[in-house]
Amino acid sequence: MNRSHVGSTIEEHAARPRHISWRRPGTASPWLAAPAIIIGVLFVGVPIVIVIVYSFMSRAPGGTGVAWPVTFENWQRLLFEEDFDGNRFFNPQYLIVLWRSVWTAALTTALTLVLAVPAAVWIATRPPRLRSLLVLAATIPFWTNTLIRTYAWMILLNDQGIVNAAIQAFGLDPLALYPSLFATVIGLVYVFVPFMLLPIYTSAAKFDFRLAEAAYDLGATRLRVVTRVLLPSLRPGILAGCVLVFVPALGAFIQPMLLGGAKVDFIGTIIQRQFKESQNWPFGAAISVALLALTLIALLIFAVGSRRLAAQGEKARLL
Amino acid sequence: MNPVTSDAVLSVRTLTKEFTNPEGTVFTALGGVDLEIMPGEFFILLGPSGCGKTTLLRSIAGLEQPTGGEIWLGEERIDELPPFKRKVNTVFQAYALFPHLTVRENISFGLEMEGKSPRSAEVQTRVSEMLELVGLGEFGKRKPHQLSGGQQQRVALARALAKRPSVLLLDEPLSALDLKLRREMRAELKRIQVDAGITFVFVTHDQEEAMSMGDRIAVLNKGTIAQLGSPRELYGSPVNRFVAEFIGEMNFLTATGNADGAMTAGGTHLPAAAMIEPIPEGESVTVGVRPEHLRAVDRGPINGRIVAVQFLGTDVRLCLRLGGDEEVWARVSLDYEGPTALGSEVSLAPTERSVRVVRP
Ligand SMILES: Nc1ncnc2c1ncn2[C@@H]1O[C@H](COP(=O)(O)OP(=O)(O)O)[C@@H](O)[C@H]1O
Ligand SMILES: [Mg+2]
Numbered sequence: 014m015n016r017s018h019v020g021s022t023i024e025e026h027a028a029r030p031r032h033i034s035w036r037r038p039g040t041a042s043p044w045l046a047a048p049a050i051i052i053g054v055l056f057v058g059v060p061i062v063i064v065i066v067y068s069f070m071s072r073a074p075g076g077t078g079v080a081w082p083v084t085f086e087n088w089q090r091l092l093f094e095e096d097f098d099g100n101r102f103f104n105p106q107y108l109i110v111l112w113r114s115v116w117t118a119a120l121t122t123a124l125t126l127v128l129a130v131p132a133a134v135w136i137a138t139r140p141p142r143l144r145s146l147l148v149l150a151a152t153i154p155f156w157t158n159t160l161i162r163t164y165a166w167m168i169l170l171n172d173q174g175i176v177n178a179a180i181q182a183f184g185l186d187p188l189a190l191y192p193s194l195f196a197t198v199i200g201l202v203y204v205f206v207p208f209m210l211l212p213i214y215t216s217a218a219k220f221d222f223r224l225a226e227a228a229y230d231l232g233a234t235r236l237r238v239v240t241r242v243l244l245p246s247l248r249p250g251i252l253a254g255c256v257l258v259f260v261p262a263l264g265a266f267i268q269p270m271l272l273g274g275a276k277v278d279f280i281g282t283i284i285q286r287q288f289k290e291s292q293n294w295p296f297g298a299a300i301s302v303a304l305l306a307l308t309l310i311a312l313l314i315f316a317v318g319s320r321r322l323a324a325q326g327e328k329a330r331l332l
Numbered sequence: 028m029n030p031v032t033s034d035a036v037l038s039v040r041t042l043t044k045e046f047t048n049p050e051g052t053v054f055t056a057l058g059g060v061d062l063e064i065m066p067g068e069f070f071i072l073l074g075p076s077g078c079g080k081t082t083l084l085r086s087i088a089g090l091e092q093p094t095g096g097e098i099w100l101g102e103e104r105i106d107e108l109p110p111f112k113r114k115v116n117t118v119f120q121a122y123a124l125f126p127h128l129t130v131r132e133n134i135s136f137g138l139e140m141e142g143k144s145p146r147s148a149e150v151q152t153r154v155s156e157m158l159e160l161v162g163l164g165e166f167g168k169r170k171p172h173q174l175s176g177g178q179q180q181r182v183a184l185a186r187a188l189a190k191r192p193s194v195l196l197l198d199e200p201l202s203a204l205d206l207k208l209r210r211e212m213r214a215e216l217k218r219i220q221v222d223a224g225i226t227f228v229f230v231t232h233d234q235e236e237a238m239s240m241g242d243r244i245a246v247l248n249k250g251t252i253a254q255l256g257s258p259r260e261l262y263g264s265p266v267n268r269f270v271a272e273f274i275g276e277m278n279f280l281t282a283t284g285n286a287d288g289a290m291t292a293g294g295t296h297l298p299a300a301a302m303i304e305p306i307p308e309g310e311s312v313t314v315g316v317r318p319e320h321l322r323a324v325d326r327g328p329i330n331g332r333i334v335a336v337q338f339l340g341t342d343v344r345l346c347l348r349l350g351g352d353e354e355v356w357a358r359v360s361l362d363y364e365g366p367t368a369l370g371s372e373v374s375l376a377p378t379e380r381s382v383r384v385v386r387p
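Protein sequences appear in the order of chains A and B.
Residues 14 to 332, numbered by my numbering, are exactly what the first sequence covers, in order.
Residues 28 to 387, numbered by my numbering, are exactly what the second sequence covers, in order.
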């Protein structure tokens with residue numbers, strides 16, 4: 014490019030009217046958000062309303078759908094049972110299932126947390142190229158369907174599976190690993206670990222390791238550096254990971270159904286059963302709404318936690 | 028092994044540090060550093076970026092493992108202790124305040140690590156003392172992100188001082204502040220150092236900062252100490268060109284000794300009276316003279332045309348081109364009434380005993 018040519022192009026530019034393709038953020042047309050809002054209302058809002066309405070209806074004669082009249086029967090059934098004489102008894106059966114779902118979800122959250130924190134910190138301290146490779150590796154499980162991955166655990170844990178084959182090779186008796194609650198938790202942890210790992214990794218990648226050096230310098234041992242400096246800095250990621258694991262684990266049904274066997278019910282499995290085998294949509298709807306309420310309570314607790322973090326100056330507002 | 032008997036609070040003996048790069052090449056960041064730092068001293072490590080200042084400081088703090096040499100803190104050899112067992116503390120360049128803790132909690136952190144309860148009267152009193160010392164009395168409940176850069180810097184200082192270290196290490200603590208605040212903080216740091224009665228080892232690449240605060244300065248060049256001395260010694264008798272250039276300003280000329288002084292390569296005569304030491308006849312050397320030692324006179328030995336003028340408020344700097352494309356800067360006082368227009372002729376005379384032979 015020669016000099017005179019450069020000069021002429023600059024003049025041409027100057028002659029043209031100035032066109033600035035820039036807009037103040039937040040001034041774009043609100044209609045751009047319309048598709049998402051419509052989809053949200055149509056496929057999230059409306060169905061929730063339908064489920065709530067269904068929970069106050071009666072069972073349809075054929076079993077599919079709902080029928081009149083309006084009734085509180087389904088909600089009562091969550092806590093009470095009626096015998097043939099019409100006497101009402103307190104029946105904790107469903108409360109027990111709800112409780113089991115809650116603590117299994119909590120256990121899953123805790124186990125994924127314990128697995129994810131060291132892994133996330135380890136990844137975050139690798140050289141940049143290896144780091145992106147490892148993060149990609151953490152998403153590999155998403156490439157295969159959850160159902161298939163859960164079937165894989167059935168094959169691994171059953172009486173003739175390789176785990177028991179290995180145990181027997183040492184001359185020990187095979188363990189009843191499958192079906193069981195133990196297998197369910199393994200399946201849940203396995204599926205949900207990436208959801209815990211990725212947000213914690215995001216926090217760990219932002220962690221300023223000079224803070225750890227400062228703590229050492231001030232007399233902190235390795236353990237104190239982890240508990241007093243590293244973990245508090247990972248809180249936003251930990252919080253997000255807990256939401257992403259606890260909430261879906263609470264309503265999970267694939268793992269309890271495939272790995273837990275018929276005896277161990279979870280919210281997810283009984284909801285599924287009401288809609289299929291038992292053909293009782295209104296009662297299924299009532300349990301679904303109960304699950305929704307439970308989820309909201311859990312989110313509320315996490316939200317309070319994140320608000321406390323936000324008060325500490327961390328950008329971690331969830332709700 | 029016994030320490031070499033000395034009163035030094037911190038001794039560094041032939042300390043070396045080599046970094047091995049991923050390609051396998053070895054880089055010597057510290058090439059045998061010796062230092063004896065006295066109790067209560069404000070000691071400065073001065074050098075350009077990359078000369079190994081931070082590496083030396085981190086080796087003393089225990090955050091870097093030296094390749095060779097010894098570090099003694101009083102009677103104790105510390106170079107093999109983990110950082111949390113060394114009675115030295117660091118003020119980091121980027122402050123490294125804990126973002127999730129309040130100012131008070133940041134300051135009490137180090138005391139807590141000694142096993143003291145953060146709520147104990149002892150700790151709380153010490154924290155309040157430290158806040159007073161650095162002038163942040165009312166800011167104890169704030170989080171670091173609610174403070175300005177200068178305030179964060181003071182918190183970092185208070186946090187490190189709260190542990191009453193034998194030696195406080197400061198790695199370019201003022202470099203993130205603006206010029207005005209930096210100047211204020213120099214006097215402030217000096218006051219705090221005297222009040223706290225703690226030995227400071229202060230790293231900087233800013234010679235003005237070094238000169239204005241240091242009791243003694245070690246000038247570092249490529250991992251070794253080029254010269255160590257008081258600011259006056261370094262300014263008055265730099266041992267080589269690197270130090271002469273780094274501390275203050277200096278004009279360098281190539282000159283050959285003759286019967287009545289020296290003649291520069293460009294043909295300017297330097298009288299014998301201006302020489303600090305005589306140049307042997309016929310020998311070619313580099314000589315240096317500071318701009319403030321060149322006075323504007325009616326008829327002097329150094330004559331040239333003005334090629335640049337800088338008004339600095341307190342004085343005027345003139346750059347003259349002499350014969351043979353040699354250039355010198357002169358600092359003349361504000362009442363200078365000679366010509367300042369570019370191209371005008373000016374005559375300069377060096378003051379007595381102001382031209383020195385500078386070794387490479
Ligand atoms: N971890 C490291 N690996 C390799 N080289 C390093 C490392 N840390 C520092 N260096 C090199 O050592 C030299 C001195 O670094 P440093 O002590 O940080 O200099 P300064 O603080 O004086 O600017 C620099 O050239 C730097 O590139
Ligand atoms: Mg440095």
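For glycine and all other residues, C-beta sits at the position ideal for the given N, C-alpha and C.
Because the structure is a prediction, the values reported are computed rather than measured.
With DSSP collapsed to three states, give me the class of Ala-56/B.
Translated into positions along the second sequence, residue 56/B becomes position 29. Shown here, Ala-56/B sits in a strand according to DSSP, grouped into three states.
Assuming Trp-166/A and Ala-132/A make a contact with CB atoms under 8 Å, what is their CB distance in whole Å?
As a working mapping, residue 166/A is identified with position 153 in the first sequence. As a working mapping, residue 132/A is identified with position 119 in the first sequence. That belief does not hold up - the Cβ atoms of Trp-166/A and Ala-132/A are roughly 20 Å apart, past 8 Å.
Do Leu-80/B and ligand 2 come close, with the Cβ less than 6 Å from some heavy atom?
The sequence position of residue 80/B within the second sequence is 53, counting from 1. Checking the sequence shown, residue 80/B turns out to be Lys, not Leu. For Lys-80/B, the CB falls within less than 6 Å of some heavy atom of ligand 2.
Give the DSSP-derived three-state secondary structure of Met-70/A in the structure shown.
Along the first sequence, read from residue 1 onward, the residue named residue 70/A stands at position 57. In this structure, Met-70/A counts as coil in the three-state DSSP scheme.
Which chain A residues are close to Thr-117/B, counting only those with a beta carbon under 7 Å from its beta carbon?
As a working note, residue 117/B is residue 90 in the second sequence. In chain order: Asp-230.
Spatial distance of Thr-159/A from Pro-60/A (CA atoms):
For this step, residue 159/A is matched to residue 146 along the first sequence. For this step, residue 60/A is matched to residue 47 along the first sequence. Roughly 24 Å separates the two Cα atoms.
Residues that Met-140/B contacts on chain E, provided the C-beta gap is smaller than 9 Å
Although the question refers to chain E, the structure presented lacks it and instead comprises the protein chains A and B.
Could you please give the first and the last residue of the uninterrupted beta strand (DSSP E) stretch that includes Asn-248/B?
Within the second sequence, residue 248/B is the residue found at index 221, counting from 1. Counting along the chain, the beta strand (DSSP E) containing Asn-248/B begins and ends at 243–248.
Beta strand (DSSP E) containing Trp-99/B: first to last residue?
As a first step, residue 99/B must be located in the second sequence, where it is residue number 72. Boundaries of the beta strand (DSSP E) harbouring Trp-99/B: 95–100, taken from the DSSP string.
Contact set between Ser-246/A and chain B, taken where Cβ atoms lie within less than 9 Å:
Here the question's residue 246/A lines up with position 233 in the first sequence. Among the residues of chain B, those whose CB is under 9 Å from the CB of Ser-246/A are Phe-125, Pro-126, His-127, following chain order.
Helix, strand or coil for Ala-225/A? Go by DSSP, reduced to three states.
Residue numbering aside, residue 225/A sits at position 212 when the first sequence is read from its first letter. Here Ala-225/A sits in helix by DSSP.
Please classify Arg-16/A: does DSSP put it in a helix, a strand, or coil?
In the first sequence, the residue the question calls residue 16/A occupies position 3. Since pLDDT at Arg-16/A reaches only 46, below the 50 mark, its modelled position is unreliable, and no value is offered.
Please report whether the beta-carbon of Leu-224/A lies at a distance below 7 Å from any beta-carbon of chain B.
For the purposes of this step, residue 224/A is taken as residue 211 along the first sequence, with counting starting at 1. Leu-224/A counts as touching chain B.
Just tell me which of Ser-301/A, Ala-233/A, Ser-193/A has its CA closest to the CA of Val-277/A.
Mapped onto the first sequence, residue 277/A falls at position 264. With respect to the C-alpha of Val-277/A, the residue from Ser-301/A, Ala-233/A, Ser-193/A having the closest C-alpha is Ser-193/A.
Where the alpha helix (DSSP H) containing Lys-219/A begins and where it ends
Start at 1 with the first residue of the first sequence, and residue 219/A comes out as number 206. From DSSP, the alpha helix (DSSP H) with Lys-219/A extends over 194–219.
Using the three-state DSSP reduction, which class does Asn-278/B fall into: helix, strand or coil?
Residue mapping note: residue 278/B aligns to position 251 of the second sequence, counting from 1. Strand at Asn-278/B.
Between which two residues does the beta strand (DSSP E) containing Pro-377/B stretch?
Numbered from its first residue, the second sequence carries residue 377/B at position 350. Per DSSP, Pro-377/B is one residue of the beta strand (DSSP E) stretching across 372–377.
If you draw a straight line from the alpha carbon of Thr-283/B to that of Ile-274/B, how long is it in whole angstroms?
For the purposes of this step, residue 283/B is taken as residue 256 along the second sequence, with counting starting at 1. For the purposes of this step, residue 274/B is taken as residue 247 along the second sequence, with counting starting at 1. So the alpha carbons of these two residues sit roughly 25 Å apart.
Quick check on the DSSP output: the alpha helix (DSSP H) that includes Arg-207/B runs from which residue to which?
Reading the second sequence from its first residue, position 180 is the one you call residue 207/B. Rather than Arg, the amino acid found at residue 207/B in this sequence is Lys. Membership of Lys-207/B in the alpha helix (DSSP H) is indicated by the continuous run 206–223.
Could you say which of Asp-342/B, Leu-375/B, Phe-69/B lies nearest to Val-194/B if we only look at CA atoms?
Counting from one through the second sequence, the residue named residue 194/B turns up at place 167. Among Asp-342/B, Leu-375/B, Phe-69/B, the Cα nearest to that of Val-194/B is on Phe-69/B.
Suppose you measure from the CA of Leu-128/A to the CA of Tyr-214/A; what does that come to, to the nearest Å?
Position 115 of the first sequence, counted from the start, is the residue given in the question as residue 128/A. Position 201 of the first sequence, counted from the start, is the residue given in the question as residue 214/A. About 12 Å.
Note down the Cα distance separating Ile-136/A from Ala-245/B, rounded to an integer number of angstroms.
Residue 136/A sits at position 123 when you count from the first residue of the first sequence. Residue 245/B sits at position 218 when you count from the first residue of the second sequence. The straight-line gap from Cα to Cα measures roughly 41 Å.
How should Gly-77/B be labelled, buried or exposed, when 16 other C-beta atoms within 10 angstroms of its C-beta is the threshold for buried?
In the second sequence, counting from the first residue as 1, residue 77/B sits at position 50. Of the other Cβ atoms in all chains shown, fewer than 16 fall within 10 Å of the Cβ of Gly-77/B; this residue is therefore exposed.
Would you please verify whether the beta carbon of Pro-110/B is less than 7 Å from any beta carbon of chain A?
As a working mapping, residue 110/B is identified with position 83 in the second sequence. Look at Pro-110/B: its C-beta is under 7 Å from a C-beta on chain A.
Entirely within the segment 105–151 of chain B and at least 4 residues each: give me those alpha helix (DSSP H) ranges in chain order.
Those alpha helix (DSSP H) runs which fall completely within the segment 105–151 of chain B and span 4+ residues are 130–139.
Give a yes or no on whether the C-beta atoms belonging to Arg-36/A and Asn-293/A are separated by under 7 Å.
Locating residue 36/A in the first sequence gives position 23, counting from the first residue. Locating residue 293/A in the first sequence gives position 280, counting from the first residue. No.
Residues in the same chain with beta-carbon distance under 8 Å from Asn-267/B, minus the five sequence neighbours each way, listed in chain order, please.
Residue numbering aside, residue 267/B sits at position 240 when the second sequence is read from its first letter. Answer for Asn-267/B: Ala-253, Gln-254, Val-385, Arg-386, Pro-387, listed in chain order.
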